[in-house]
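Position 13 (the sequence shown) corresponds to 12 in numbering that gives the first Met the number 0; numbering is contiguous.
Encoded as structure tokens, the structure appears first; notes follow it.
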Amino acid sequence: MIVFTTRLTRRKIVSGILAICIIVCSAFVIARGNADADVVSVTEETMEKKEVKLKTNDDRISLLEGYGWTVDKEPIEFMEVKIPDEFDGVYNDYNEIQKRQGMDLTKYSGKRVMRYTYRINNHPSNEEGVVANIILYKNKLIAGDVCSPKLGGFMHGLNETSETIEENNGQETKQEQD
């Protein structure tokens with residue numbers, strides 16, 4: 000009989016959960032196919048938002064509202080995570096979403112960051128459980144996404160407002176009909 004033992008620490012559990020979430024969300028993005036149709040240009044206003052220090056919960060909520068999202072007043076989760084030293088396929092895919100928003104996680108390889116997760120109340124999919132994740136390094140926004148953790152869900156950048164998503168969905172529906 001072979002027995003394996005390990006010491007489960009909070010850090011190992013958190014890292015495992017983060018890795019699973021990223022893998023699941025990335026799988027949805029890959030399964031979705033061509034995500035280029037959802038690309039939105041980064042405005043100067045959006046760029047300014049990233050330079051603001053997000054020290055308080057109100058600051059983080061204001062940032063998300065600035066992107067057009069209505070969120071609950073408290074995060075459903077917040078935790079410290081470590082950006083890997085070297086990116087695998089999942090992190091590369093996630094970083095592509097960030098690059099489309101004018102952010103790049105490669106500068107933060109090996110760094111410990113904070114991830115805040117808020118429930119979104121106004122996503123055009125009307126799907127329950129849609130969340131916004133914002134990742135901060137020294138209270139500065141370095142990454143963010145909106146995703147559905149359900150099977151067959153989705154992931155996209157923070158800068159895709161409800162109107163943009165509805166427009167893209169309308170275009171996809173029209174293309175499917177043709």
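All C-beta atoms in this analysis are idealised placements derived from N, C-alpha and C, irrespective of residue type, glycine included.
Quantities reported herein were computed from a predicted structural model and do not represent experimental measurements.
Note to self: Tell me the residue span of the alpha helix (DSSP H) that contains D144.
What the structure shows: From DSSP, D144 is part of no alpha helix (DSSP H) but of the beta strand (DSSP E) over 139-146.
Note to self: Considering just the uninterrupted stretch of the alpha helix (DSSP H) at D70, what are its terminal residues?
What the structure shows: In the sequence under discussion, the amino acid at residue 70 is Val, which differs from the Asp named in the question. First-last for V70: undefined, no H or E at that position.
Check: DSSP state of T75, grouped into three classes?
Finding: The sequence shown places Ile at residue 75, rather than the Thr named in the question. Note: I75 maps to coil in three-state DSSP.
Next item on the list: Would you mind reading off the limits of the alpha helix (DSSP H) that contains V228?
Entry: Because the chain spans 0 through 177 in this model, residue 228 falls outside it and cannot be assessed.
Notebook entry, point to check: Y107: which of N158, L140, L150, N120 sits nearest, CA to CA?
Noted result: Sorting N158, L140, L150, N120 by C-alpha distance to the C-alpha of Y107 places L140 at the top.
Next item on the list: Report the rounded CA-to-CA distance for N158 versus T5, giving the unit in angstroms.
Entry: A direct Cα-to-Cα measurement between N158 and T5 gives close to 41 Å.
Next item on the list: Starting from the Cα of I75, find the closest Cα among S124, I60, A142, I12 and give me that residue.
Entry: Closest option to I75, Cα to Cα, is I60.
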